[in-house]
Structures are given as structure tokens and as C-alpha cells.
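Trainee:
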Amino acid sequence: MLTVLIAGAGKSSAHLIDYMLANAKQKWRVIVMDANPEMIAEKLGGNPKGESAVIDIHDEHARQNLVKNADIVLSLMPPNLHYLLAKDCIKFKKNLITSSYVSDEIRALHDEAKKAGIIMMCEMGLDPGIDHMSANAIIHGVQRIAGSIQSFKSYCGGLVAPESDDNPWHYKISWNPRNIVLAGKQGAVWVENGKHQEAGYEQLFSASKKVKVTGLGSLSYYPNRDSLKYLDLYKMNDVKTFVRATLRHSSFMKGWNVVIQAGLVNEQDQY
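FYI, the numbering for the sequence shown is 14 to 284, going by our numbering.
(1) Do Ile70 and Arg76 have their beta-carbon atoms positioned less than 8 angstroms apart in this structure?
(2) Buried or exposed: where does Tyr32 fall if 16 or more other Cβ atoms within 10 Å of its Cβ makes it buried?
(3) Helix or strand or just coil, what does DSSP make of Ala66?
(4) Taking the alpha-carbon of Glu176 as reference, which of Asn192, Lys185 and Asp245 has the nearest alpha-carbon?
(5) State whether the stretch 208 to 216 contacts the stretch 226 to 234, with contact taken as three or more CB pairs (one from each stretch) at a distance under 8 angstroms.
(6) Rounded to the nearest angstrom, what separates Ile132 and Asn180 at their Cα positions?
(7) Given that a residue counts as buried once 16 or more other Cβ atoms are within 10 Å of its Cβ, and exposed if not, what is Ser113?
(8) Between the C-alpha atoms of Lys24 and Ile30, what's the straight-line distance to the nearest angstrom?
(9) Between the Cα of Ala22 and those of Lys62, Glu136 and Asn49, spot the shortest distance and give me the residue it belongs to.
(10) Candidates Lys223, Asp245, Lys104 and Ile19: which alpha carbon is nearest His262's?
(11) Check whether the stretch 117 to 126 and the stretch 136 to 155 are in contact - that is, three or more C-beta pairs closer than 8 angstroms.
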């Protein structure tokens, strides 16, 4: 029987854990690793096909013992902690999948992972992840008919279901709350009408950019991080406009801009 190790039992892990438990008939067992036993218990819901592993991820011995005995590691830990698991996976030759962006630290492990003969797949969530797949399906479809793409805009956002939308922000926290603060903090760069554009955190939410979405009407969006690095990956270096963006309701954009301008997201001590 295969062993699937899921690292992290936070808000983002619920659907993955449910899915893996529901499909455990494929002859795998699911071990959920986290420092919080209550969160693991909540996610497992007493399912006999799931096991709990309560450890501090910085406990090298306990962590490596779990990785060593797993067949694959699925990490939903905070992005800065993937590196610990990645090093273990290389050491014990285990495949690793995460939903986070490829960090410089993970990218630097490429040759080691290749030498170990393992797969380390990042950006395997919704955004980044499914958006890449849908984007390339469209791009390759156009290329197959010898078409030319002049503008490519990709929008994605975790929005509240209409039946649960009951607050003025039209937003609810479904992931690590700190990530809401970090989202956009790196600013954004993209290409628009042949020119490189750039916006810092302080300007990102102040622009009133709109797009119509079927069934939802007009939504606001802000450019998402570094769109330029995907030009090579998508093989679209000649495109005139290229932007990856995050969707939000306009009230969220206005509210979050006020929070930023008030300095409430500043993590530096100021007196």
C-alpha cells in the first residue's frame, strides 16, 4: 500500500485531504502532518483511512522519519517551509508536490532533484496551477491553426459563493490570513501594449481595473506578481500585452487600499 504524506492541516488543505481520503480505495493511506492536533483531527473527521502525525516541522528527526516512509509528499505548508521538505525528499528520493510559486531556494535544488531522480512539482494549485493548464490549452489551440496572439490576459480569484456573500467586503478568508497581507506585497510587473508596466504595493489596489465575468458582472482585478517570467514558459515573447491578474470585488479593492494607505500592513515596528 502506498503512503501519501500531506504536510499541513491549515485552511487550504481541507479539499485535498477530503479528496485523498475519498480515493483511498486506490490502495493508499493518508498521513496528515501538522503541529496542531486539533486541526488534523478536524480535517480527518475520524476517517479510518487517515492517520495523524503531530510534529513540529523543524524537528528534523521526526520530519525525516515521515518523509522517509512516504511514497509521495504533498506540501501545503507556508511557502518558506517547503524547502525543508524538499531537502528531505531529495535525500530519501521521494517525489514532492506543492501549490506554491517556485521560490529561489526551490529552484536552486533543480540539479539535486534531477540527480536524485525525483519530481518536484510546484505551482500545482488553482493559481498558480490550473490557470497555467487552461492558458496553455488556449495558446496551443491558437498555435495549431497558425494563429497569432497579440494580447493574453489571465484572471483568477477565490471569490465568495453568492449564497454565502454576506459582508460589505464581499470576501471571506479561506487560506492563511497572513497571506492576504502578503498578496501583492511584492508589487507587480507585466506587459501592456508593448511596454513594461510596474506597480508597487501602495499603488496596486488603487487602480480601478475592471473586467466583465459571465454570471458575476463587473469585477475588479490587480496584476499578480511577476507576469514577465511566464513569457518564456508560455513561449509568448512577441506578445504585446501579457498579464496574470487576481479577481476581487471592487469593494474589497477600495477597502484594502485604505488599509494599505493607513500603514496597517507594515510589518516593521514604528513608534
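Cβ atoms here follow ideal geometry from the backbone N, Cα and C, with glycine treated the same way.
It should be emphasised that the depicted structure is a prediction, and the values quoted were computed from it without experimental measurement.
Mentor: Reading from the atomic positions:
(1) yes
(2) exposed
(3) strand
(4) Lys185
(5) no
(6) 42 angstroms
(7) buried
(8) 11 angstroms
(9) Asn49
(10) Lys223
(11) no
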